[in-house]
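Read the structure below first, then the notes.
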Amino acid sequence: PFHQAPITTYFCDA
Amino acid sequence: MLEARLEQANLLKKVVDAIKDLVQDCNFDCNDSGVALQAMDNSHVALVSMMLKAESFSPFRCDRNIALGINLTSLMKVLRCAQNEDILTLKAEDAPDVVNLVFESSESDRLSEYDIKLMDIDQEHLGIPETEYAATITMPSAEFQRICRDLMALSESVAIEATKDGVKFSCSGDIGNGAVTLRSHTNVEKPDLNVEIALSEPVALTFSLKYLVNFCKASGLSSTVKLCLSNEVPLLVEYGLASNSYLRFYLAPKIGD
């Protein structure tokens, strides 16, 4: 029942 | 042009060995501050960030920004040709087709030279915000590796809970449950064995053990590892290197539906 969001959800394009 | 001399080829060998299963092709971004690398793994839940500062090399020269697009499997093949104690010099022209690696034995007059063909890699670069983490745990890297490997025998995921009482790594799987709790600990004679927990508020997050075990391949780079956690943001696993250089891994948490 776990969801793992991509790391791009947290770190934006520089 | 780039010319960067590392006292021990072993450092780069260990770094590449630690990340080559997470990322395959990546840019080594060289500028006057050093050599940096940032890459996501294929599934985009983990991020590798390496910084080898100019001070880690002697001498270090890089006149303009150069991105060296390298396949890590190829790089590892060449790095395996170096003896651990060899001196390594990386060289590249300003608009290079190849990167040149020179290994010099400090004990003999042996000199080996290799060129690796470069690739054009279009890589998105992510901005990692400065974060005041709620919990920062510094612990022996071998201990962290052991905990991750042990718990992976039971489960795919680990819950990491940091409170004022300590840090608890726990998991549950088909055969049962497991947990390892560490408290702050100071070993005066062997400070590398210290466990330090700096906490501004309690944190509880769940992560995939497969990735953590993968990060632990960097354990040979540093006797200690730093885990930085805040609720609802990626975990930072940091292996500090000499001269403020570092190898960092970020991992997105697992969130309950």
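So the sequences go chain by chain: A and B. Note that the working numbering has the first sequence beginning at 1, numbered continuously upward. Note that the working numbering has the second sequence beginning at 15, numbered continuously upward. Virtual Cβ for every residue (Gly too), placed ideally from N, Cα, C. If you're wondering where the values come from, they're calculated on a predicted model, not measured in any experiment.
Quick check on this structure: which residue in the options has the alpha carbon closest to the alpha carbon of residue i?
i: B/Ser-119; options: B/Ala-176, B/Asp-134, B/Thr-103 and B/Leu-132; result: B/Thr-103
i: B/Tyr-225; options: B/Lys-28, B/Ala-18, B/Met-54 and B/Ala-50; result: B/Met-54
i: B/Ile-130; options: B/Thr-87, B/Lys-28 and B/Phe-229; result: B/Thr-87
i: B/Ala-173; options: B/Leu-132, B/Met-166 and B/Ser-184; result: B/Ser-184
i: B/Leu-320; options: B/Asn-245, B/Glu-21, B/Lys-268 and B/Lys-231; result: Nothing about residue 320 of chain B can be read from this structure; chain B reaches only from 15 to 271.
i: B/Ala-18; options: B/Pro-143, B/Asp-123, B/Ile-80 and B/Lys-178; result: B/Ile-80
i: B/Cys-242; options: B/Met-133, B/Asp-123, B/Glu-146 and B/Val-92; result: B/Glu-146
i: B/Ala-232; options: B/Gln-22, B/Glu-99, B/Asp-35 and B/Val-116; result: B/Asp-35
i: B/Asn-191; options: B/Glu-215, B/Thr-200 and B/Leu-165; result: B/Leu-165
i: B/Lys-27; options: B/Val-239, B/Leu-140, B/Leu-66 and B/Pro-205; result: B/Leu-66
Using the DSSP secondary-structure output, state which residues sit across from residue i in a beta bridge.
i: B/Ile-84; result: B/Cys-40
i: B/Pro-154; result: B/Thr-238
i: B/Ala-60; result: B/Leu-265
i: A/Asp-13; result: B/Leu-140
i: B/Val-251; result: B/Leu-241 and B/Phe-263
i: B/Met-54; result: B/Leu-61
i: A/Phe-2; result: B/Gly-270
i: B/Leu-1; result: Within the shown structure, residues of chain B are numbered from 15 to 271, placing residue 1 of chain B beyond reach of any answer.
i: B/Glu-17; result: B/Arg-75 and B/Lys-105
Would you grab the beta carbon distance between residue i and residue j for me? Rounded to a whole angstrom, and I think it's under 8 Å.
i: B/Leu-273; j: B/Val-209; result: Summary: the structure shown does not reach residue 273 of chain B, with chain B confined to residues 15 through 271, and so no result is reported for it.
i: B/Gly-48; j: B/Ala-68; result: 4 Å
i: B/Leu-261; j: B/Ala-32; result: 7 Å
For the segment 101–111 of chain B against the segment 151–159 of chain B, do three or more pairs of beta-carbon atoms, one drawn from each stretch, fall closer than 8 Å, so that the two count as touching? no
At least three beta-carbon pairs within less than 8 Å, the segment 153–170 of chain B to the segment 54–69 of chain B: no
Could you pull out every unbroken beta strand (DSSP E) segment of at least 3 residues lying fully inside the segment 155–224 of chain B, listed in chain order? Whole beta strand (DSSP E) segments, 3+ residues: 171–177, 180–186, 191–196, 210–213 and 217–222.
Every unbroken beta strand (DSSP E) within the segment 70–146 of chain B, with a cutoff of 3 residues, ordered by chain: 74–76, 80–85, 101–106, 112–118 and 125–131
Under 8 Å, with one C-beta from each stretch per pair, do the segment 64–78 of chain B and the segment 92–101 of chain B reach the 3-pair mark? As far as the Cβ criterion goes, the segment 64–78 of chain B does not touch the segment 92–101 of chain B, which means the pair count is below three.
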